[in-house]
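Enquirer: Protein chains in written order, with our numbering: chain A, 1 to 201; chain B, 1001 to 1192. All C-beta atoms in this analysis are idealised placements derived from N, C-alpha and C, irrespective of residue type, glycine included. These figures come from a predicted structure and were not determined experimentally. The structure follows.
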């Protein structure tokens, strides 16, 4: 599969969030702004790429029966590295993401890619797969965070874009807004793919 | 006594794991199509979460903190939870076959339920006695069960309704979850 094809699949046709509905907890929890979405997405991407790399290197050494616990230990190790790294460098982001950094361990996307891809493919392919899926995940979080930030706090990436005397819809940065925005994002995706299929046939 | 009551109400309604903390959304969306499976999953989660919350609390307090290796928390907790789930599965199969039959298929799914790990970590961060940690885990699990059962009831009723094609399936489910979360916001402020 070509590199372009791979990225196209990870971003649109098989996007981990909007199509596969994997890793919904961090998706909904930390996307109250576009910046948090990117932060979470990149942290997850790092763990995904590194765990894919390590697992594809050791795929022939890990016995099949204990592969899931082994994968989890590899993933948990990189999550701990991210946790400590963020705490040391980007303390504010670490504070906002909070509990959801250790919870990257149980993000089904990462274990899913390890099991379905990295344990069966070459090192180069697994690295590429990790980067593509991680960025696809980040992309979805960025869009979701962006929509919620614009509607909920009238800003984008921290810059105010809506005149100050306009009211913003606070609901969108609160919990219900997360569910509703993602719901409507999926509706939008369905609508687009319906259109595309319509033009093809 | 009063404090314990507030802890329970807080964990079930005010800080509901699904609607305010966003934990356990995957099983929440995944197994909520039928009321039966939702009940089964809820019971399995109550069982495992209470056990996991208690054991991880003991490990944090008597192993990780004395040895000064709290940075291993994530790895230690996830391994404890994964092996606990396996252990519960084996014991239940031998001791309570009927219960195993009812909950069996949900047990493996629980390892990747982030609510279990999330609540375990929250308990060690927020609470300072073992009894509180056990009560908190149990009540949080009840809150998860409550959210799941209500949601599956609604989704069952929705099956017979006509939903616009682009909304069918996950989108409408997410929007309903949003409205439910809005309803649960009514509890906010009741307990600090």
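Chain A partners of residue 1158(B), CB-CB under 7 Å?
Expert: The premise fails here: residue 1158(B) is roughly 13 Å from chain A at the closest Cβ pair, so nothing lies under 7 Å.
Enquirer: If I follow the unbroken alpha helix (DSSP H) through residue 1185(B), where does it start and stop?
Expert: Counting along the chain, the alpha helix (DSSP H) containing residue 1185(B) begins and ends at 1170 to 1185.
Enquirer: So, is residue 1083(B) buried or exposed, given that buried needs 16 or more other C-beta atoms within 10 angstroms?
Expert: Label assigned to residue 1083(B): exposed.
Enquirer: Assign residue 1015(B) to one of two classes, buried (16 or more other C-beta atoms within 10 Å of its C-beta) or exposed (fewer than that).
Expert: Buried, since its Cβ has 16 or more Cβ neighbours within 10 Å.
Enquirer: When DSSP labels each residue in this structure, what does residue 156(A) get in the three-state scheme?
Expert: Correct three-state label for residue 156(A): strand.
Enquirer: According to DSSP, is residue 52(A) helix, strand or coil?
Expert: It is helical.
Enquirer: May I have the straight-line CA-CA distance separating residue 164(A) from residue 1120(B), to the nearest angstrom?
Expert: Rounded to whole angstroms, residue 164(A) to residue 1120(B) spans 42 Å at the Cα level.
Enquirer: Does the stretch 1100 to 1119 of chain B come within contact of the stretch 1015 to 1028 of chain B, defined as at least 3 CB pairs closer than 8 Å?
Expert: The answer is yes - the stretch 1015 to 1028 of chain B touches the stretch 1100 to 1119 of chain B, with three or more Cβ pairs under 8 Å.
Enquirer: Which word fits residue 114(A), buried or exposed, when buried means at least 16 other C-beta atoms lie within 10 angstroms of its C-beta?
Expert: Residue 114(A) comes out buried.
Enquirer: Can you tell me the Cβ-Cβ gap for residue 186(A) and residue 1108(B), rounded? I've got them flagged as a contact below 8 Å.
Expert: Not quite, the Cβ-Cβ distance comes to about 27 Å (not below 8 Å), so this is no contact.
Enquirer: Would residue 23(A) and residue 107(A) qualify as a contact pair, given that the criterion is a beta-carbon distance under 8 Å?
Expert: Contact: yes.
Enquirer: Measure the alpha-carbon distance for residue 141(A) versus residue 1047(B) and round it to whole angstroms.
Expert: The straight-line gap from Cα to Cα measures roughly 33 Å.
Enquirer: Establish whether the CB of residue 29(A) and some CB of chain B are separated by less than 8 Å.
Expert: So, interface residue.
Enquirer: Pull up the distance between the alpha-carbon of residue 1100(B) and that of residue 90(A), whole angstroms please.
Expert: Near 46 Å, if we compare the C-alpha coordinates of residue 90(A) and residue 1100(B).
Enquirer: Do you know offhand how far residue 147(A)'s Cα is from residue 1035(B)'s?
Expert: In a straight line, the C-alpha of residue 147(A) is about 33 Å away from that of residue 1035(B).
Enquirer: Do you know offhand how far residue 109(A)'s Cα is from residue 158(A)'s?
Expert: Their backbone Cα atoms lie some 28 Å apart in a straight line.
Enquirer: Quick one: what's got a C-beta closer than 6 Å to residue 132(A)'s C-beta in the same chain, skipping five residues either side?
Expert: Counting only Cβ-Cβ distances below 6 Å, and skipping sequence neighbours, we find 6, 7, 10.
Enquirer: Please go through the same chain and pick out, in chain order, the residues whose beta-carbon is closer than 6 Å to the beta-carbon of residue 118(A), but skip the five residues on each side of it.
Expert: Closer than 6 Å at the Cβ level, and outside the excluded window around residue 118(A), lie 52, 55, 56, 126.
Enquirer: State the Cα-Cα distance for the pair residue 1094(B) and residue 1081(B), rounded to the nearest angstrom.
Expert: One C-alpha to the other measures close to 20 Å.
Enquirer: Measure from the C-beta of residue 1022(B) to each C-beta in chain A and report whether the shortest distance is under 8 Å.
Expert: Yes, residue 1022(B) counts as interfacial toward chain A.
Enquirer: Would you list, in sequence order, the uninterrupted alpha helix (DSSP H) runs of no fewer than 4 residues that lie entirely inside the stretch 1063 to 1119 of chain B?
Expert: Taking only runs of at least 4 residues, the alpha helix (DSSP H) segments lying wholly in the stretch 1063 to 1119 of chain B are 1073 to 1095, 1097 to 1103, 1107 to 1110.
Enquirer: So residue 1117(B) contacts chain A; which residues on that side make the cut at Cβ distance below 8 Å?
Expert: Under the 8 Å cutoff, chain A gives 102, 103, 105, 106.
Enquirer: Check each residue of the stretch 167 to 179 of chain A: if its Cβ is closer than 9 Å to any Cβ of chain B, include it; give the result in chain order.
Expert: Of all residues in the stretch 167 to 179 of chain A, 171, 174, 175, 176, 177, 178, 179 have a Cβ within less than 9 Å of some Cβ in chain B.
Enquirer: Would you identify the three-state DSSP class for residue 1121(B), choosing helix, strand or coil?
Expert: Three-state result, residue 1121(B): helix.
Enquirer: Is residue 1144(B) close to chain A? Criterion is C-beta to C-beta, closer than 8 Å.
Expert: By this cut-off, residue 1144(B) is not an interface position.
Enquirer: In three-state DSSP terms, what is residue 1159(B)?
Expert: Coil at residue 1159(B), not helix or strand.
Enquirer: Restricting to runs no shorter than 4 residues, where is the alpha helix (DSSP H) found entirely within the stretch 58 to 89 of chain A?
Expert: As far as the stretch 58 to 89 of chain A is concerned, its whole alpha helix (DSSP H) runs of at least 4 residues are 67 to 89.
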